[in-house]
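Counting from 1453, one number per residue, gives the positions in the sequence shown under the numbering used here. In this text, a Cβ means the ideal position worked out from N, Cα and C, and glycines have one as well. All of these numbers come straight from a predicted model, not from anything done at the bench. First the structure, in the form of structure tokens, and then the observations on it.
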Amino acid sequence: MELKALPTDIVSSDSRAVLGHIKLDRSLYPGTYVDIDGQTYQILVRRHQYQLKLGRYYLHKAIVHVKETTVPEERTLLKGTWVIGDITCTYNARSELMRCAINPSGPCGECTHYEPAKS
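If you want it as structure tokens, here you go:
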């Protein structure tokens, strides 16, 4: 079975402006980074629109809401997911979207609240 490219709208979460229309042959999940016209964006939300044809619903297009960002330097692959920040710290959120509650913008190396995680 051949995978079809899904029409996808890229929408800025700040201004709600459509940044572009692209066709993707892969799914974009929240936390994924994508480059559009030389600018890096992080996907925050993914939605789908369906269309009714001949009594059945078909996937029509995807809409992803993004924010402009840079790829963080402190990234670690943890159980198949990219996690930002220092995963040896107790306060690390172990998330693709947020570093931690205390110092969400980072960097972890200069954080005064660093506390080693208990095993």
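Query: Strand pairing of D1461, partner residues [DSSP]; Result: H1473, I1515
Query: Counted within 10 angstroms of its Cβ, other Cβ atoms place Y1509 as buried (16 or more) or exposed; Result: exposed
Query: Same chain, Cβ closer than 8 Å to V1463, neighbours up to 5 away in sequence not counted; Result: A1469, V1470, L1471, I1515, V1516, H1517, V1518
Query: G1507 vs G1537 beta-carbon contact at 9 Å; Result: no
Query: Cutoff 7 Å; reference Y1543; Cβ partners in own chain excluding five residues on either side; Result: C1552, A1553, I1554, H1565, E1567
Query: Close Cβ partners of I1495 (< 6 Å) along its chain, the five nearest in sequence each way excluded; Result: L1480, P1482, T1484, V1516, V1518
Query: Three-state secondary structure assigned by DSSP to C1560; Result: helix
Query: A1545 to L1530 span [Cα, whole Å]; Result: 12 Å
Query: L1496, enclosing beta strand (DSSP E) - first and last residue; Result: 1491-1505
Query: Cα-Cα separation between T1540 and P1524, rounded to whole angstroms; Result: 17 Å
Query: Opposing strand residues paired with L1485 [DSSP bridges]; Result: It should be pointed out that residue 1485 corresponds to Tyr in this sequence rather than to Leu. Paired residue(s): Q1494.
Query: Simplified DSSP state of E1520, which is helix, strand or coil; Result: strand
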